[in-house]
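Everything on this sheet refers to the single structure shown next.
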Amino acid sequence: MPKVLVLYKTPKSAEAFDKHYMTIHVPLAKKIPGLKTYDISRGPVNGPAGATNIHLVATLTFDSMQALQAGMGSPEGKAAAGDLPNFADGGVDLYLFDTQDV
1 MPKVLVLYKT PKSAEAFDKH YMTIHVPLAK KIPGLKTYDI SRGPVNGPAG
51 ATNIHLVATL TFDSMQALQA GMGSPEGKAA AGDLPNFADG GVDLYLFDTQ
101 DV
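Spelled out as C-alpha coordinates, the structure:
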(Lines of atoms letter the chains of each structure in order from A; the text may use other names.)
(Lines give C-alpha, C1' and ligand atoms only; values in the text may rest on other atoms or scores of the structure.)
Protein backbone atom coordinates (compact mmCIF):
# COMPACT_ATOMS: atom_id res chain seq x y z
CA MET A 1 0.00 0.00 0.00
CA PRO A 2 1.62 3.28 -1.10
CA LYS A 3 2.03 6.00 1.49
CA VAL A 4 3.19 9.55 1.91
CA LEU A 5 4.96 10.12 5.22
CA VAL A 6 5.20 13.77 6.25
CA LEU A 7 7.48 14.83 9.10
CA TYR A 8 6.84 18.37 10.30
CA LYS A 9 9.73 19.78 12.31
CA THR A 10 9.24 22.00 15.35
CA PRO A 11 7.67 25.28 14.21
CA LYS A 12 8.32 28.74 15.61
CA SER A 13 4.83 28.71 17.16
CA ALA A 14 3.23 25.34 17.86
CA GLU A 15 -0.10 27.05 18.50
CA ALA A 16 -0.11 28.86 15.13
CA PHE A 17 1.04 25.68 13.36
CA ASP A 18 -1.68 23.54 14.94
CA LYS A 19 -4.43 26.08 14.20
CA HIS A 20 -3.45 26.45 10.52
CA TYR A 21 -2.85 22.72 10.11
CA MET A 22 -6.24 21.66 11.43
CA THR A 23 -8.39 24.47 9.98
CA ILE A 24 -6.75 24.99 6.58
CA HIS A 25 -4.24 22.28 5.66
CA VAL A 26 -6.18 19.17 6.68
CA PRO A 27 -9.28 20.19 4.66
CA LEU A 28 -7.05 20.87 1.64
CA ALA A 29 -5.24 17.53 1.94
CA LYS A 30 -8.47 15.57 2.42
CA LYS A 31 -9.54 16.70 -1.06
CA ILE A 32 -6.59 14.94 -2.76
CA PRO A 33 -8.07 12.46 -5.25
CA GLY A 34 -7.42 8.81 -4.43
CA LEU A 35 -6.61 9.47 -0.75
CA LYS A 36 -7.78 6.45 1.26
CA THR A 37 -6.61 7.20 4.80
CA TYR A 38 -5.03 10.19 6.50
CA ASP A 39 -3.77 10.01 10.05
CA ILE A 40 -1.61 12.24 12.21
CA SER A 41 0.40 11.78 15.37
CA ARG A 42 -1.06 12.84 18.69
CA GLY A 43 1.13 14.16 21.47
CA PRO A 44 4.92 14.36 21.49
CA VAL A 45 6.93 12.55 18.81
CA ASN A 46 9.78 10.83 20.64
CA GLY A 47 12.67 8.64 19.64
CA PRO A 48 14.35 5.91 21.70
CA ALA A 49 16.52 8.56 23.40
CA GLY A 50 13.62 10.94 24.12
CA ALA A 51 12.45 14.16 22.50
CA THR A 52 12.94 14.82 18.78
CA ASN A 53 12.69 17.89 16.57
CA ILE A 54 9.49 16.50 15.02
CA HIS A 55 6.28 18.32 15.92
CA LEU A 56 3.83 16.20 13.94
CA VAL A 57 3.80 13.12 11.71
CA ALA A 58 1.16 12.63 9.00
CA THR A 59 0.58 9.49 6.95
CA LEU A 60 -1.50 9.51 3.78
CA THR A 61 -2.40 6.18 2.16
CA PHE A 62 -3.43 5.39 -1.42
CA ASP A 63 -4.51 2.21 -3.24
CA SER A 64 -1.64 2.25 -5.75
CA MET A 65 1.52 4.15 -6.56
CA GLN A 66 -0.24 5.44 -9.67
CA ALA A 67 -3.08 6.78 -7.51
CA LEU A 68 -0.56 8.40 -5.15
CA GLN A 69 1.30 10.08 -8.01
CA ALA A 70 -1.92 11.20 -9.68
CA GLY A 71 -3.29 12.54 -6.40
CA MET A 72 -0.13 14.44 -5.51
CA GLY A 73 0.05 15.84 -9.06
CA SER A 74 -3.59 16.92 -9.11
CA PRO A 75 -4.67 20.53 -8.51
CA GLU A 76 -5.78 19.46 -5.01
CA GLY A 77 -2.41 17.84 -4.29
CA LYS A 78 -0.60 20.92 -5.57
CA ALA A 79 -2.81 23.15 -3.41
CA ALA A 80 -1.93 21.12 -0.31
CA ALA A 81 1.78 21.20 -1.17
CA GLY A 82 1.56 24.92 -1.91
CA ASP A 83 0.13 25.51 1.56
CA LEU A 84 3.21 24.10 3.34
CA PRO A 85 5.17 27.40 3.40
CA ASN A 86 2.18 29.05 5.09
CA PHE A 87 2.64 27.16 8.35
CA ALA A 88 5.56 24.67 8.28
CA ASP A 89 8.25 27.25 9.12
CA GLY A 90 10.30 24.68 11.05
CA GLY A 91 10.76 22.58 7.93
CA VAL A 92 9.03 19.53 6.53
CA ASP A 93 10.22 16.26 5.00
CA LEU A 94 8.02 14.21 2.66
CA TYR A 95 8.65 10.56 1.83
CA LEU A 96 6.72 8.63 -0.82
CA PHE A 97 6.99 4.84 -0.76
CA ASP A 98 5.18 1.59 -1.32
CA THR A 99 4.77 -1.02 1.40
CA GLN A 100 4.32 -4.77 1.66
CA ASP A 101 3.04 -6.95 4.45
CA VAL A 102 5.68 -9.21 5.99
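First residue of the sequence shown? That's 1 in full-length UniProt numbering, and the numbers climb one at a time after it. Yeah, the Cβ is synthetic: ideal placement off N, Cα and C, and Gly gets one too. None of the values given here were measured: they were computed from a predicted structure.
Residue i vs residue j beta-carbon contact at 8 Å
i, j, result
"S28", "Y95", "According to the sequence displayed, residue 28 carries Leu and not Ser. Their beta carbons are not under 8 Å apart, which means L28 does not touch Y95 by this criterion."
"E2", "S64", "The question names Glu, but residue 2 is Pro in the sequence shown. Yes; because the gap between Cβ atoms is below 8 Å, this pair is in contact."
"T61", "K36", "yes"
"K9", "V92", "yes"
"G34", "G71", "yes"
"D39", "T23", "no"
Residues sharing a beta bridge with residue i, DSSP
i, result
"I54", "K9"
"residue 165", "Lying before the first or after the last residue shown, residue 165 is absent from the chain, which here runs from 1 to 102."
Straight-line gap, residue i to residue j (C-alpha atoms, nearest Å)
i, j, result
"V57", "Q69", "20 Å"
"A67", "L7", "21 Å"
"D89", "I54", "12 Å"
"S41", "D18", "12 Å"
Same chain, Cβ closer than 6 Å to residue i, neighbours up to 5 away in sequence not counted
i, result
"H25", "D83"
"H20", "F87"
Buried/exposed call for residue i, threshold 16 Cβ in 10 Å
i, result
"G47", "exposed"
"G77", "buried"
"A80", "buried"
Beta-carbon proximity list for residue i, same chain, < 8 Å, skipping 5 on both sides
i, result
"F97", "P2, K3 and L5"
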